[in-house]
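Just so we're aligned: 290 in the numbering used here is position 283 of the sequence shown, and the numbers increase by one with no gaps anywhere.
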Amino acid sequence: MKPNLPVLRHISLSADNTFGIAAVADALMEISDAAQLAALAADPQWSAMPRLILGGGSNLVLSDQIPRLVLKMTGKGIAISAEDADYVYVTAQAGERWHDLVRWTLAQGLGGLENLSLIPGTAGAAPVQNIGAYGLELKDVFSHLEAWDFESRTVRRFTLEECCFAYRDSIFKQAWKDRAAILSITLRLPRRWTPKLAYADLQKYFADRDMATLSATEISDGVVQIRQQKLPDPAVIGNAGSFFKNPVVSAAQHAELQQAFPALVSYPAGEQFKLAAGWLIDQCGWKGQALGAAGVYHKQALVLVNLGGATGADIRALAQKIQQDVQNRFGVLLEPEPVFV
Numbered sequence: 008m009k010p011n012l013p014v015l016r017h018i019s020l021s022a023d024n025t026f027g028i029a030a031v032a033d034a035l036m037e038i039s040d041a042a043q044l045a046a047l048a049a050d051p052q053w054s055a056m057p058r059l060i061l062g063g064g065s066n067l068v069l070s071d072q073i074p075r076l077v078l079k080m081t082g083k084g085i086a087i088s089a090e091d092a093d094y095v096y097v098t099a100q101a102g103e104r105w106h107d108l109v110r111w112t113l114a115q116g117l118g119g120l121e122n123l124s125l126i127p128g129t130a131g132a133a134p135v136q137n138i139g140a141y142g143l144e145l146k147d148v149f150s151h152l153e154a155w156d157f158e159s160r161t162v163r164r165f166t167l168e169e170c171c172f173a174y175r176d177s178i179f180k181q182a183w184k185d186r187a188a189i190l191s192i193t194l195r196l197p198r199r200w201t202p203k204l205a206y207a208d209l210q211k212y213f214a215d216r217d218m219a220t221l222s223a224t225e226i227s228d229g230v231v232q233i234r235q236q237k238l239p240d241p242a243v244i245g246n247a248g249s250f251f252k253n254p255v256v257s258a259a260q261h262a263e264l265q266q267a268f269p270a271l272v273s274y275p276a277g278e279q280f281k282l283a284a285g286w287l288i289d290q291c292g293w294k295g296q297a298l299g300a301a302g303v304y305h306k307q308a309l310v311l312v313n314l315g316g317a318t319g320a321d322i323r324a325l326a327q328k329i330q331q332d333v334q335n336r337f338g339v340l341l342e343p344e345p346v347f348v
């Protein structure tokens, strides 16, 4: 007997993407477990339709029309799944809000995620772009995840190495894009926690404190305060957080740029250098400026915002104009973090 799948038709996604773009999906199904995906795979009407895996919608720029089956990952649950002498392993279902997961671990007395506080999105979406902030990336605390493989129609486990994490990148943005739906992630948190406070913003924020006495919760609270001061609340102003990756350049190119622009903001990255994309954009005069209904946030040039009624095409046009201006002035191509759909 053919399964009766709860697929909704012609659904607005305006509340399901942090830019607040008024996109409409041809079809949408909420997914809480692998059994629903198995049922979907058995239905030829829906299994053949192009898919979009949706978490919190915080890393997407949507078109007005989405001719796909949107699979909204809604599974809930957080638990300590294993322990050993050095680590506590925490498993979260894909639909859990990332910040809720961070606060849950802190409530259990577990440090390790505090630098990643208040990052929008869900636990299941976090590995896709290897989220990171304030000197920490997901890969630094990652153990493994489980995902549905649409080709083999089975649940597959991915280790840290198999995820191929890189700067704001993973196998789920590359070879496994649209092939896997992440169901849960498991993080490895240290029993002997030590704070990571080398990032300049954290040093400045805690300058009047004895950093050796700070708790993980206090650091989390500080990160929240810093983010709220610099980044707009998506519930108030539509945005996707930092829009561009910080570009990485060779030592030779860095030296040339530093000679031409002595105030250049950059950081060593191995034998290369990472440039501050926000600074590059600001130097091109874009902070606080707009192009139609899309604009650049007045407090942080790295954030593009929906000023009201912006479409995905509006956001794309603004992003491309900024890329062009930065490349013309600095010879550096900025790469967007969000995925255009």
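Glycine included, C-beta positions come from ideal geometry on N, C-alpha and C.
Identify, in the order they occur along the chain, each residue of the same chain with its Cβ nearer than 8 Å to the Cβ of residue i, setting aside the five sequence neighbours on each side.
i, result
"VAL31", "HIS17, ILE18, SER19, LEU20, ASP71, GLN72 and ILE73"
"ALA276", "VAL255"
"ALA173", "ASN137"
Just to confirm my understanding: we take residue i, look at its own chain, exclude 5 residues before and 5 after, and list those with CB closer than 6 Å. What are they?
i, result
"GLY302", "VAL312 and LEU314"
"LEU264", "LEU271"
"MET218", "LEU204"
"HIS106", "LEU125"
So, under 8 Å CB-CB, residue i and residue j are touching, yes? Tell me the CB distance rounded to an integer number of Å.
i, j, result
"SER249", "LEU309", "5 Å"
"ASP147", "ARG186", "Not a contact, Cβ separation roughly 26 Å."
"THR129", "ALA154", "Contact doesn't hold; Cβ gap of about 14 Å is too wide."
With respect to 6 Å, is the separation between the Cβ of residue i and the closest non-hydrogen atom of the ligand MG below this value?
i, result
"SER19", "This structure does not include the ligand MG; it has no bound ligands of any sort."
Can you give me the C-alpha to C-alpha distance between residue i and residue j, rounded to a whole angstrom?
i, j, result
"GLN290", "ARG336", "9 Å"
"VAL109", "ALA267", "42 Å"
"VAL333", "LYS294", "13 Å"
"ILE192", "GLY319", "30 Å"
"ILE329", "PRO343", "11 Å"
"LEU190", "PRO127", "18 Å"
"GLN210", "LEU47", "50 Å"
"VAL162", "GLY292", "48 Å"
For residue i, which of the options has the nearest alpha-carbon?
i, options, result
"GLY27", "CYS170, LEU47 and LEU67", "LEU67"
"GLY64", "PRO239, ILE233, ASN246 and SER54", "ASN246"
"ALA259", "PRO239, LYS281, ASP208 and VAL243", "LYS281"
"LEU167", "ARG195, LEU190, ALA140 and ARG160", "ARG195"
"GLU37", "LEU15, ALA55 and MET218", "LEU15"
"ALA352", "GLU103, ALA320 and GLU121", "With the chain covering only 8 through 348, there is no way to say anything about residue 352."
"TRP286", "ALA317, ALA48, GLN100 and SER273", "SER273"
"ASP33", "THR112, CYS170 and ARG75", "ARG75"
"ALA41", "ALA188, TYR94, ARG199 and LEU69", "ALA188"
"ILE1", "LEU78, LEU238, ALA99 and GLN181", "In the structure displayed, the chain extends from 8 to 348; residue 1 sits before or after that span and is not available."
"VAL97", "GLY299, PHE165 and SER150", "SER150"
Using DSSP's beta-bridge definition, name the partner residues of residue i.
i, result
"LYS79", "GLU37 and LEU61"
"PHE251", "PRO343"
"LYS281", "VAL255 and TYR274"
"GLN331", "Partner(s): none; GLN331 has no beta bridge."
"THR161", "ASP156"
"PRO197", "TYR94"
Could you name the residues of the same chain whose beta carbon sits closer than 7 Å to that of residue i, not counting the 5 residues immediately before and after it, in chain order?
i, result
"LEU143", "ASN122, LEU123 and LYS203"
"GLN331", "none"
"TYR94", "ARG195, LEU196, PRO197 and ARG198"
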